[in-house]
Amino acid sequence: MDFERILVTVAGELFAPTTAAYALAAIGLNIHFGLTGLLNFGQAGFMLLGAYGFAISTIAGWPIWAALLVAVACSTVFALILGIPTLKLRGDYLAIVTIAAAEIVRIVGRSTALTNVTGASSGLRGDSYKQTFHALSPFGEGSTTIGPFTYSNSFSNSWWLRVVAWVVVALACLLVWRLMRSPWGRVLKGIREDEDAVRSLGKNVYAYKMQALILGGVIGSLAGILYVLPRAVQPDSMGRPMTFWVWTILLLGGAATVFGPVLGAMLFWSVLMLIRVVGRAVIPSSVMSTAQIEQFGWIIVGVTLMLLVIFRPQGILGDKKELAINVR
Amino acid sequence: MSAEAVAALAAVPHTPGAPKPDPILVADHVTRRFGGMTAVDVQHIEVQRGTITALIGPNGAGKTTLFNLLTGFDQPNSGSWTFEGRSLAGVSAARVSKAGMVRTFQLTKALSRMTVMENMRLGAKDQPGESLARALVPPLWRARETEITAKAEELLARFKLYEKRDDFAGSLSGGQRKLLEMARALMSDPTMVMLDEPMAGVNPALTQSLLGHIQSLRDEGTTVLFVEHDMHMVRHISDWVAVMAEGRLVAEGPPGTVMADPAVVDAYLGAHHDTDLGDDALLDESVARQLEREAAAEEQAHEEDQR
Ligand SMILES: Nc1ncnc2c1ncn2[C@@H]1O[C@H](COP(=O)(O)OP(=O)(O)OP(=O)(O)O)[C@@H](O)[C@H]1O
Ligand SMILES: [Mg+2]
Numbered sequence: 001m002d003f004e005r006i007l008v009t010v011a012g013e014l015f016a017p018t019t020a021a022y023a024l025a026a027i028g029l030n031i032h033f034g035l036t037g038l039l040n041f042g043q044a045g046f047m048l049l050g051a052y053g054f055a056i057s058t059i060a061g062w063p064i065w066a067a068l069l070v071a072v073a074c075s076t077v078f079a080l081i082l083g084i085p086t087l088k089l090r091g092d093y094l095a096i097v098t099i100a101a102a103e104i105v106r107i108v109g110r111s112t113a114l115t116n117v118t119g120a121s122s123g124l125r126g127d128s129y130k131q132t133f134h135a136l137s138p139f140g141e142g143s144t145t146i147g148p149f150t151y152s153n154s155f156s157n158s159w160w161l162r163v164v165a166w167v168v169v170a171l172a173c174l175l176v177w178r179l180m181r182s183p184w185g186r187v188l189k190g191i192r193e194d195e196d197a198v199r200s201l202g203k204n205v206y207a208y209k210m211q212a213l214i215l216g217g218v219i220g221s222l223a224g225i226l227y228v229l230p231r232a233v234q235p236d237s238m239g240r241p242m243t244f245w246v247w248t249i250l251l252l253g254g255a256a257t258v259f260g261p262v263l264g265a266m267l268f269w270s271v272l273m274l275i276r277v278v279g280r281a282v283i284p285s286s287v288m289s290t291a292q293i294e295q296f297g298w299i300i301v302g303v304t305l306m307l308l309v310i311f312r313p314q315g316i317l318g319d320k321k322e323l324a325i326n327v328r
Numbered sequence: 329m330s331a332e333a334v335a336a337l338a339a340v341p342h343t344p345g346a347p348k349p350d351p352i353l354v355a356d357h358v359t360r361r362f363g364g365m366t367a368v369d370v371q372h373i374e375v376q377r378g379t380i381t382a383l384i385g386p387n388g389a390g391k392t393t394l395f396n397l398l399t400g401f402d403q404p405n406s407g408s409w410t411f412e413g414r415s416l417a418g419v420s421a422a423r424v425s426k427a428g429m430v431r432t433f434q435l436t437k438a439l440s441r442m443t444v445m446e447n448m449r450l451g452a453k454d455q456p457g458e459s460l461a462r463a464l465v466p467p468l469w470r471a472r473e474t475e476i477t478a479k480a481e482e483l484l485a486r487f488k489l490y491e492k493r494d495d496f497a498g499s500l501s502g503g504q505r506k507l508l509e510m511a512r513a514l515m516s517d518p519t520m521v522m523l524d525e526p527m528a529g530v531n532p533a534l535t536q537s538l539l540g541h542i543q544s545l546r547d548e549g550t551t552v553l554f555v556e557h558d559m560h561m562v563r564h565i566s567d568w569v570a571v572m573a574e575g576r577l578v579a580e581g582p583p584g585t586v587m588a589d590p591a592v593v594d595a596y597l598g599a600h601h602d603t604d605l606g607d608d609a610l611l612d613e614s615v616a617r618q619l620e621r622e623a624a625a626e627e628q629a630h631e632e633d634q635r
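In order, the protein sequences belong to chains E and D. With our numbering as the guide, the letters of the first sequence map in order to residues 1 to 328. With our numbering as the guide, the letters of the second sequence map in order to residues 329 to 635.
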C-alpha cells in the first residue's frame, strides 16, 4: 500500500474546488435551516439553476459579471416562486415543494425540447463556458506544483479556481458570522424557535423568511457555478443525491455554526476519498470491484449520517447545550 | 391621567357592551366559529384607555380566541374593531403589535434556544439592525443595541430574571417563562398589553410585586387587558371586569360588584369551583376564608336568582 499517495489524494480533497462548492452550498443551506429553520430539500435545484444561468449566458456571449447576475437572478426568482405560496404555511410544506421544484428544474433541464439551450441530458460541455473565468486568471498558462500537488494554473480544475472558490467560501463565512451576530440574525433565530412569538413582537415573519430563502438560495447558485467550473453541467449529477450530501455536510459540521459547513465539506469529501483509495488498495478486485467500492463509500456516508443524527445531532461544532434544550 | 380614566369608569353602566368615556379598543359583532361551535360571539365591547380591565369566564368561554382575533393571530367569521381609532380587522399580527397592542400567550412561547437576554432584545422595536442591509454595518445599530440592552436589564431585574439573563430560555421554569414573556412584551413600550393568564404558575410573593408592576404600568398610561382565573388577583388590581361565557360577553362592571351579577353567577356557577386548589394564594388563611365567604355569598345570590 502506497501510504504517501493515499495521503496526498485524500489531502487534495480538503481544498478541491468541489469541496469548496459543497461547503458554499451548505453555507446557503445553513442560512435556511440553521439560522431560520426552513426545511429546504432542493438546494441542488438552486445549484443547478445557478450553473445553467451562468453557463447558458456565457455561451450566449455575455461577460462574466452578467453571467453571474443571471445566476443570481435565476435563484432569486426560484426562491420567490417557492416561497410565496409556502412560507405562510407550516415548515413541512416548504420541504415538499422544494424537493419537487428541484426535480422539476432537473427534468426540464434534461428534456429534449431544450437541447439547443441546456444540452438536454448530456448537458453543457465545460469548454463552452469556462473561457471567461479562465481569462480572468492572473496565473497564466501551464501548471504549477506546490508540495505534492500539481494542478494547471488557470484552466478547469486549476489553482486559480481553488483560490477563487475558497475566497468565496471565506467571504460567505464572514457574511454568516456578521449576520448571525446582528439583530437581523436574532429575528431569524427567533423565527426558528417560534414564529408566533416573533409575530407577537411586531416582526414581519414572512418577509424575514423570504429574505433568508433568497439569500441562502443565491449562495447555493454560486456554489453551483463553482461546482461546474472544473467539469460540465450535467443535470443528472445535480439531483436529489446532491441535496442529500449537502444536508449531510451541514449536519456533520454543525448547523447554526459559522465553520460547520466548511469543516463538514472537508471531512465528507476527504473521508469518502480515504474509503475509496484504501478500499481499492486493500480489497482484492475479486471481492469488490472498483465500482462496488465506490458504492460502498456511499453506504458509509448513509450510515454516518444515521449515526450522527442519533449520537451527535448538533454536529461536530454544534453546541450540545443548545440542542439539549427541549423545544416546545 | 390613569386616575381620571379609572374615575371615569364610575359613571359607566354595569351592562355588557357598555360604552366607555375614552375607549382605546372598540369591537363590534366579532364572531368566530369552529365547525358548528361558536367560540366567540361578542356584539360590542369597549376597553377604557389607561385602565386595567380583567376578562374572566369559565374554561372554554372564548377568552383566548377573542385575544387571538383582536391581535391578528386568528381570522374572525365576521366583525370589526378599532384600536386608537384605527381599524385593525384583517391586519396582520405583526402590524397589530407595531401599532402598540402587544400580547402574551396562555401557553408560553419562550424562544427556548435563545438566551433570556436575546429574548428580551427581540421584543424591542426600532432596531435598525433588523434590516438585512443595515445588519451588515454594526455602527448603524450598536448604539440602539446598547439602549435596548439597558432597558432589558432593567426589566429583567424587575421581573427577578436578571440572574438568568445568559441562560437559555428553554432552561427556565414554567413560571419564569411567563415572567420572561411578560417582560419581553414590555420591551416595546406598548400602548396596550393583552396578557393571557400572566400569573398562572407564578409564586404569590412574586405575584404581589408583579401586580404592583402592572399597576405602575397603568399609572404610566399603558392600558392593560388581562385574562385571569385567580379571582383574588382580579379583585386586587383590576379597575373593570368583563365576563365572557360561551363566547358571549355576559356582564361588565367593577370587580367589587360584578361577581354578584346574576348573569355571572349563572354562567360562572361557583367562581371558585375551578380555582386551582394547588394555588399558593389558598395557603393564606385569610384568603381562604375570604374565598369561603365569597362562595357562600354567590351561592346565596344564585339561590335568590332561581327563586
Ligand atoms: N383551533 C380551534 N379549533 C377548534 N376549536 C377551538 C379552537 N380554538 C378554540 N376552540 C374552542 O373554542 C372554545 C373557546 O376556547 P378558548 O381557548 O378561547 O377558551 P378560553 O376562554 O381561553 O378558556 P381557558 O380559560 O380554559 O383558557 C373552546 O370550546 C375550544 O374548544
Ligand atoms: Mg384561554
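Cβ atoms here follow ideal geometry from the backbone N, Cα and C, with glycine treated the same way.
Scanning chain D for C-beta atoms nearer than 7 Å to the C-beta of Asn-204(E) yields Ala-422, reported in chain order.
Residue pairing from DSSP places Met-572(D) in a beta bridge opposite Leu-577(D). For Gly-220(E) against Ser-75(E), the beta-carbon gap comes to about 6 Å, under 8 Å, which counts as contact. At a beta-carbon threshold of 7 Å, the residues of chain E lying near Leu-460(D) are Trp-184, Gln-211, ordered along the chain. The beta carbon of Ser-111(E) lies closer than 7 Å to those of Ala-120 in the same chain, with the five residues before and after it left out.
Residue pairing by DSSP places Ser-152(E) opposite Ser-143(E) in a beta bridge. Remark: the shortest separation between the CB of Lys-391(D) and any heavy atom of ligand 2 falls under 8 Å. For Pro-351(D), the pairing in a beta bridge is given by DSSP as Gln-376(D). Around the beta carbon of Gly-390(D), 16 or more other beta carbons sit within 10 angstroms, so the residue counts as buried. Distances from the CA of Gly-400(D) to each of Met-522(D), Val-552(D), Glu-509(D), Ser-537(D) were compared; the closest alpha carbon is that of Met-522(D).
Residue ranges of uninterrupted alpha helix (DSSP H) with 4 or more members, entirely inside the segment 147-208 of chain E and ordered along the chain, are 159-180, 183-193, 195-200. Burial check for Met-306(E): the Cβ neighbour count within 10 Å stays below 16, so the residue is exposed.
For Asp-2(E), no alpha helix (DSSP H) encloses it, and the DSSP letter there is neither H nor E.
The closest CA to that of Gln-292(E), considering only Thr-304(E), Gly-279(E), Ile-316(E), is found on Gly-279(E).
DSSP places Leu-553(D) within a strand segment (E or B) once states are collapsed to three. Taken in chain order, the members of the segment 473-500 of chain D whose beta-carbon sits within less than 9 Å of a beta-carbon on chain E are Glu-473, Ile-476, Phe-496, Ala-497, Gly-498, Ser-499. By the 16-neighbour rule on beta-carbons within 10 angstroms, Ala-355(D) is buried. Contact between the segment 190-200 of chain E and the segment 456-468 of chain D is absent: fewer than 3 CB-CB pairs across the two stretches fall below 8 Å. With respect to the 9 Å criterion, Ile-27(E) and Val-169(E) are classified as neighbours on the basis of their beta carbons.
About 6 Å separates the beta carbons of Ala-346(D) and Glu-580(D), which is inside the 8 Å limit, making them a contact pair. Between Trp-166(E) and Gly-239(E), the alpha-carbon positions lie close to 24 Å from each other.
At least one CB atom of chain D sits nearer than 9 Å to the CB of Ser-200(E). At a beta-carbon threshold of 7 Å, the residues of chain D lying near Glu-193(E) are Leu-439, Ser-440, Arg-441, Met-442, ordered along the chain. By the Cβ rule, the segment 551-560 of chain D counts as touching the segment 524-543 of chain D, because three or more pairs are nearer than 8 Å. Judged by DSSP in its simplified three-state form, Gln-371(D) adopts strand. Thr-393(D) sits away from Glu-509(D), with the two beta carbons spaced by 9 Å or more.
In this model, Leu-538(D) and Pro-582(D) are separated by some 21 Å (Cα to Cα). When CB distances to chain E are screened at a threshold of 9 Å, the residues of the segment 388-415 of chain D falling below it are Thr-399, Gly-400, Phe-401, in chain order. Note that the C-beta distance between Ser-156(E) and Arg-231(E) is below 9 Å.
Close to Glu-446(D), with beta-carbon spacing below 9 Å, are these residues of chain E in chain order: Arg-186, Lys-189, Gly-190.
Between the alpha carbons of Val-303(E) and Ile-99(E) lies a gap of roughly 22 Å. Apart from the 5 residues on each side of it in sequence, Ala-265(E) sits with its Cβ closer than 8 Å to the Cβ of Thr-19, Ala-20, Tyr-22, Ala-23, Ala-26, Ile-249, Gly-253 in its chain, given in chain order. Comparing alpha-carbon positions, the option among Thr-410(D), Gln-504(D), Leu-460(D) lying closest to Val-176(E) turns out to be Leu-460(D). Residue pairing of Val-233(E) in beta bridges, as defined by DSSP: Leu-124(E).
Gly-575(D) has its Cβ nearer than 8 Å to a heavy atom of ligand 1.
With its beta carbon at least 9 Å from every one in chain D, Arg-90(E) lies outside the interface.
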